[in-house]
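Structure first, commentary second.
Protein chains in written order, with my numbering: chain D, 28 to 350; chain W, 32 to 176.
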C-alpha cells in the first residue's frame with residue numbers, strides 16, 4: 028500500500044481525525060487521552076459496520092485484531108488499515124515483525140513498549156490530543172519533533188552550545204566514511220556506533236562530552252524513548268540529528284543532477300510501497316543506488332564515492348544538518 | 032517500597048483491561064483511593080459503584096475508565112497478582128508510588144515510565160538494586176526494555 032491514508036471516525040461522544048503516512052504508526056501517551064476510545068470505536072465499526080452507530084470515513088478499510096489467531100487474521104486483509112490494542116502481547120515479538128513486514132497493509136499500534144523488532148520512524152510516533160478546547164474532537168500529535176536541521180527538539184536540546192567533541196554515526200559504512208572524511212582535518216573525532224541499538228550504550232559511556240549523533244530517523248522509533256530519557260539526565264551533552272537517513276541527506280542536498288528527486292522527496296509516501304519496503308530508509312538507499320548506477324556519482328552502501336566527499340558537495344550535505 | 036520487574040514477565044497479567052472487565056467488584060470503584068485516582072487521571076467523578084461522570088464521555092460505567100486507571104485499581108485491590116503497568120501513562124506514576132508508600136507493591140514494566148526526578152525508593156528486581164532518583168533508575172532500567 029502507498030500514500031497518505033486519511034481517517035475520520037466519530038460517534039456522538041468523540042471524533043478523531045488523522046492521517047497515516049507510513050506502514051507502521053505507534054500511538055502512546057498519558058492515560059485517559061482517548062487511545063482506548065479510538066481503538067474501541069474502530070473495533071465496533073470493524074465488527075458491525077454502519078449498525079455500530081459509528082461513522083467512519085477512510086481511504087482504506089479499517090480493522091482491529093486482538094485475538095490469539097492474529098497471524099491468520101493478518102493474512103486475511105489486504106490494502107487495509109489494521110489497529111492493535113495495547114493488550115496484544117505479541118506486538119514486541121519477532122513473529123509479529125515477520126507477519127506484518129512485506130504486507131500491503133498499514134498498521135496502527137497502541138503501545139508504550141519500544142518495539143525493537145520493527146523499523147518504525149520517530150515521525151510516526153503519536154499521542155492523542157484534543158483539538159482546541161473541544162472535548163469531543165481529537166487528532167494525533169507527534170510525540171517527537173525535529174527542527175529545520177533535523178535536530179531533535181526538546182527541552183534538553185542545547186541550542187546555545189554547538190561545540191562538538193565527537194560525532195557519532197549509526198552507520199559503519201558509507202555514512203560513517205563520509206563524515207570521517209569531512210572532519211578528517213578537524214578536532215572533531217568521528218566514530219561509528221555500529222548500529223542504532225548501540226547508540227544509547229555509546230552515549231552512556233561518554234557522559235560529559237559534547238556529542239553529535241547522526242542516525243536514521245526513518246527506523247529510530249524503538250530507540251528514541253531511551254535516548255530522550257538519557258538526554259533528560261544529561262542535558263547539555265548531546266545533539267541528536269535524525270534526518271530520514273544518510274541516503275536521504277544525499278538526495279536532499281542537490282548534489283545529484285536528477286530532476287525527479289525533488290518530486291519524490293516532496294511526497295515519498297506516494298512512491299514507497301509498504302510491501303516492498305518495511306521502512307523508508309531502505310527505499311531511499313535503493314532509489315539512490317538505482318539513479319546513480321553507472322554515473323560518476325554512483326552510490327553504494329559499502330564504500331563512499333569520493334564524489335560525495337568533494338568539498339563543494341560535502342558542504343551542501345553538511346549544510347542541511349547545520350554542521 | 033515499589034518493586035519493578037522490567038521486561039517480559041510471564042506470570043504478570045498483561046492485558047489488564049480484559050482482566051479488569053472480568054474480575055472487578057463494584058465496591059472497588061467507590062473506595063476513597065479509587066475515587067481520587069479516577070478524579071486525577073480520568074478527570075471523572077465517581078457517582079456510584081456503577082456510574083462515573085466523565086467530562087468527555089458523559090455518564091460511563093467502570094468498563095469505560097481509562098486503561099491506566101483500571102490497572103491502578105487492580106494494583107490496589109488485587110494483591111495476589113502482578114500487573115503489566117505499561118498500560119499506565121506517566122500520569123499514573125505518582126499513584127503507583129503513593130500506593131507503595133505503606134506496603135510492598137510489585138509491578139511489571141515494559142517501558143521506561145517517568146516517575147519524576149525523585150527522591151523515591153524503588154527496587155529493580157532484575158538486578159536486586161535499590162534506586163532513589165531518576166538517574167539511578169535509568170541506569171538500571173534502560174538496558175532492560
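C-beta atoms are modelled at their ideal positions from N, C-alpha and C, and glycine is treated no differently.
Bear in mind the structure is a predicted one, so any value in this text is a computation, not a measurement.
Distance, residue j Cα to residue i Cα
i                     : j                     : result
residue 143 (chain W) : residue 252 (chain D) : 8 Å
residue 86 (chain D)  : residue 33 (chain D)  : 6 Å
residue 42 (chain W)  : residue 36 (chain W)  : 11 Å
residue 190 (chain D) : residue 262 (chain D) : 14 Å
residue 103 (chain W) : residue 110 (chain W) : 11 Å
residue 35 (chain D)  : residue 159 (chain W) : 48 Å
residue 115 (chain D) : residue 94 (chain D)  : 8 Å
residue 119 (chain D) : residue 142 (chain D) : 5 Å
residue 290 (chain D) : residue 124 (chain W) : 46 Å
residue 155 (chain W) : residue 34 (chain W)  : 6 Å
residue 165 (chain W) : residue 171 (chain W) : 10 Å
residue 99 (chain W)  : residue 58 (chain W)  : 19 Å
residue 303 (chain D) : residue 273 (chain D) : 20 Å
residue 292 (chain D) : residue 148 (chain D) : 16 Å
residue 105 (chain D) : residue 76 (chain D)  : 18 Å
Option in the options with minimal Cα separation from residue i
i                     : options                    : result
residue 140 (chain W) : W:53, W:49, W:110, W:173   : W:173
residue 92 (chain D)  : D:76, D:86, D:109, D:77    : D:109
residue 172 (chain D) : D:44, D:227, D:267         : D:267
residue 62 (chain D)  : D:249, D:209, D:139        : D:139
residue 146 (chain D) : D:213, D:261, D:309        : D:309
residue 87 (chain W)  : W:108, W:160, W:44, W:74   : W:74
residue 168 (chain D) : D:282, D:157, D:178, D:175 : D:157
residue 95 (chain W)  : W:81, W:124, W:105, W:122  : W:81
residue 53 (chain D)  : D:320, D:216, D:151        : D:151
residue 32 (chain W)  : W:162, W:53, W:175, W:167  : W:162
residue 45 (chain W)  : W:119, W:60, W:66, W:69    : W:119
residue 63 (chain W)  : W:108, W:40, W:50, W:91    : W:108
residue 168 (chain W) : D:89, D:148, D:174, D:259  : D:259
According to DSSP, residues forming a beta bridge with residue i
i                     : result
residue 101 (chain D) : DSSP output for residue 101 (chain D) lists no bridge partner at all.
residue 156 (chain D) : D:166
residue 44 (chain D)  : D:35, D:166
residue 82 (chain D)  : D:37
residue 136 (chain D) : D:53, D:111
residue 34 (chain W)  : W:137, W:154
residue 196 (chain D) : D:219, D:241
residue 85 (chain W)  : W:89
residue 162 (chain W) : W:153
residue 77 (chain W)  : W:83
residue 92 (chain D)  : D:111
residue 114 (chain W) : W:44, W:138
Near the ligand MG: residue i beta-carbon under 7 Å from a heavy atom
i                     : result
residue 117 (chain W) : Of the ligands one can find in the structure shown there are none, so the ligand MG has no counterpart to examine.
**Message:** Contact between the stretch 220-231 of chain D and the stretch 190-206 of chain D is defined here as three or more beta-carbon pairs at a separation below 8 Å; is this criterion met?
**Reply:** yes
**Request:** Please determine if the stretch 334-345 of chain D and the stretch 154-170 of chain D are in contact, where contact requires at least 3 C-beta pairs separated by less than 8 Å.
**Result:** no
**Uninterrupted beta strand (DSSP E) stretches inside the stretch 207-247 of chain D (no shorter than 3 residues)** = 216-219, 238-241
**Message:** Give the list of continuous alpha helix (DSSP H) stretches no shorter than 4 residues that lie fully inside the stretch 254-292 of chain D.
**Reply:** 273-280
**Item:** Cβ pair count under 8 Å reaching 3, the stretch 196-211 of chain D against the stretch 236-246 of chain D
**Value:** yes
**Message:** Pairs of beta-carbons, one from the stretch 206-223 of chain D and one from the stretch 280-293 of chain D, closer than 8 Å: are there three or more?
**Reply:** no
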